[in-house]
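Trainee: Using numbering that gives the first Met the number 0, the first residue of the sequence shown is number 0, and each one after it goes up by one.
Cβ coordinates follow ideal geometry from the N, Cα and C atoms, glycine included.
Remember, it's a predicted structure, so these values are computed and weren't measured experimentally.
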Amino acid sequence: MNEQTARPVALVTGAGRGIGLETAIDLSRRGWRTHVVWRNSNREELEQRFPGRVHRGDITSEDDCRRIVAAVLEVDGRLDGVVHAVGEYMAGPLEGLGADDLRHMLESNTLSAFTLIRSVRAQLRTYRGACIFFGAAGVEGLRARGDAAAYIMAKTALLSLVRSVAKEEAPFGVRINMLSPGLVPHEHSSEDTKALAGSVPAGRPGRGADLAHAAVWLLSSEAEHVTGQNMDVAGGWML
Ligand SMILES: NC(=O)c1ccc[n+]([C@@H]2O[C@H](COP(=O)([O-])OP(=O)(O)OC[C@H]3O[C@@H](n4cnc5c(N)ncnc54)[C@H](OP(=O)(O)O)[C@@H]3O)[C@@H](O)[C@H]2O)c1
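#1: Hey, would you say the C-beta of D62 is under 7 Å away from at least one heavy atom of ligand 1?
#2: Would you mind reading off the limits of the alpha helix (DSSP H) that contains L20?
#3: Is the beta carbon of L157 less than 8 Å from the beta carbon of G140?
#4: Quick check on T114: does DSSP put it in helix, strand or coil?
#5: Whole angstroms is fine: what's the gap from P92's alpha carbon to L72's?
#6: Can you list the beta strand (DSSP E) stretches of 3 or more residues lying completely in the region 58-85, in chain order?
#7: For the candidate residues I116, M230 and Y88, whose alpha-carbon lies nearest to that of A153?
#8: Nearest-angstrom Cα distance between P180 and A136?
#9: How many angstroms separate the CA atom of L123 from the CA atom of V164?
#10: Within 10 angstroms of the Cβ of R16, are there 16 or more other Cβ atoms? Answer buried if so, exposed if not.
#11: Going by beta-carbon coordinates alone, are V36 and L26 separated by less than 8 Å?
#12: Can you give me the C-alpha to C-alpha distance between G51 and H34, rounded to a whole angstrom?
#13: At the level of alpha carbons, what is the spacing between A143 and L238?
#14: Would you list the residues sitting across from I175 in a DSSP beta bridge?
#15: Hey, would you say R48 sits closer than 8 Å to I67, going by beta carbons?
#16: Which value, in whole angstroms, describes the spacing of the CA atoms of A112 and A201?
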């Protein structure tokens with residue numbers, strides 16, 4: 000194995016912008032051969048900021064997931080780390096929402112994770128790799144959440160998925176964890192996120208880099224005994 004092929008390989012979804020993009024850039028900087036997935040974002044802008052391989056697809060589609068994983072393997076021959084930063088947001092209480100709204104939240108936040116993990120399990124087992132999903136700060140509290148009730152329902156289901164898959168995969172040396180951001184405003188984040196950004200107890204809103212650093216650690220061998228966990232990276236938001 001030469002120096003190039005010894006470097007681990009990562010796949011980052013939801014990486015057209017925000018936390019996913021910051022994580023992909025950070026992983027590349029630290030020597031990971033990193034592939035990203037974009038869907039509708041501006042590809043030119045993404046390619047300017049991100050030096051690695053770029054694939055287009057919808058992570059709720061099993062066909063797209065299979066195709067993207069095959070493309071990663073064709074180029075780099077292995078897969079060690081997966082970061083799934085897809086998960087659309089919807090503000091407000093349940094009253095006023097229809098079944099389609101809830102279906103959309105579950106598809107974007109929970110089904111996409113289920114679809115992706117099905118596509119990468121075998122490769123992660125081969126390389127004793129790790130996978131990270133994104134929740135939302137406070138999701139473990141099981142409180143009424145009128146601020147974003149359908150979104151938090153979907154993130155809570157995702158945490159349950161993380162714990163179940165972590166237990167299933169632990170005997171194979173595969174680790175599955177969740178990182179839960181607080182408020183990370185960026186150009187495309189929700190108006191709520193931008194409006195509340197000043198109220199984070201730590202005195203500043205989150206940055207993509209805060210999550211990226213935690214993700215890099217969770218993917219590394221330093222975290223080899225950590226699985227099935229959710230970690231808030233939120234500056235005290237939702238404590
Ligand atoms: N930002 C925050 O304050 C915050 C707070 C709590 C939790 N989180 C969670 O942290 C994660 C990252 O958040 P973020 O704000 O950085 O992300 P984001 O801006 O909401 O979305 C990142 C990217 O996900 C892509 N995407 C959405 N659905 C997709 C699909 N089905 N297939 C492929 N790509 C898809 C979008 O691509 P296109 O634009 O190309 O369609 C988008 O560029 C999410 O899970 C989010 O729920 C964020």
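Mentor: According to the structure shown:
#1: The count along the sequence shown starts at 1 and reaches residue 62 at position 63. No, Cβ of D62 sits at least 7 Å from all heavy atoms of ligand 1.
#2: Position 21 of the sequence shown holds residue 20. That run of the alpha helix (DSSP H) goes G17 to R28.
#3: Here the question's residue 157 lines up with position 158 in the sequence shown. Here the question's residue 140 lines up with position 141 in the sequence shown. Contact: no.
#4: In the sequence shown, the residue the question calls residue 114 occupies position 115. Of the three classes helix, strand and coil, the one that applies to T114 here is helix, per DSSP.
#5: Taking the first residue of the sequence shown as position 1, residue 92 is located at position 93. Taking the first residue of the sequence shown as position 1, residue 72 is located at position 73. Roughly 43 Å between the two C-alpha positions.
#6: 80-83
#7: Working through the sequence shown from its first residue, we reach residue 153 at position 154. Per the Cα distances, Y88.
#8: As a first step, residue 180 is located in the sequence shown; it is residue number 181 there, counting from the start. As a first step, residue 136 is located in the sequence shown; it is residue number 137 there, counting from the start. Roughly 5 Å separates the two Cα atoms.
#9: Looking up residue 123 in the sequence shown gives position 124. Looking up residue 164 in the sequence shown gives position 165. If I take the Cα positions, the gap works out to 12 Å.
#10: Residue numbering aside, residue 16 sits at position 17 when the sequence shown is read from its first letter. Buried, by the Cβ-count rule.
#11: Residue 36 sits at position 37 when you count from the first residue of the sequence shown. Residue 26 sits at position 27 when you count from the first residue of the sequence shown. The answer is no: Cβ separation not under 8 Å.
#12: For the purposes of this step, residue 51 is taken as the residue at position 52 of the sequence shown. For the purposes of this step, residue 34 is taken as the residue at position 35 of the sequence shown. If you take the alpha carbons of G51 and H34, they lie about 6 Å apart.
#13: Looking up residue 143 in the sequence shown gives position 144. Looking up residue 238 in the sequence shown gives position 239. Between A143 and L238, the C-alpha separation is close to 15 Å.
#14: Position 176 of the sequence shown holds residue 175. Paired residue(s): C130.
#15: Translated into positions along the sequence shown, residue 48 becomes position 49. Translated into positions along the sequence shown, residue 67 becomes position 68. In this structure, I67 does not lie closer than 8 Å to R48 by Cβ.
#16: Numbered from 1 along the sequence shown, position 113 holds the residue referred to as residue 112. Numbered from 1 along the sequence shown, position 202 holds the residue referred to as residue 201. Looking at the two C-alpha atoms, the distance is approximately 30 Å.
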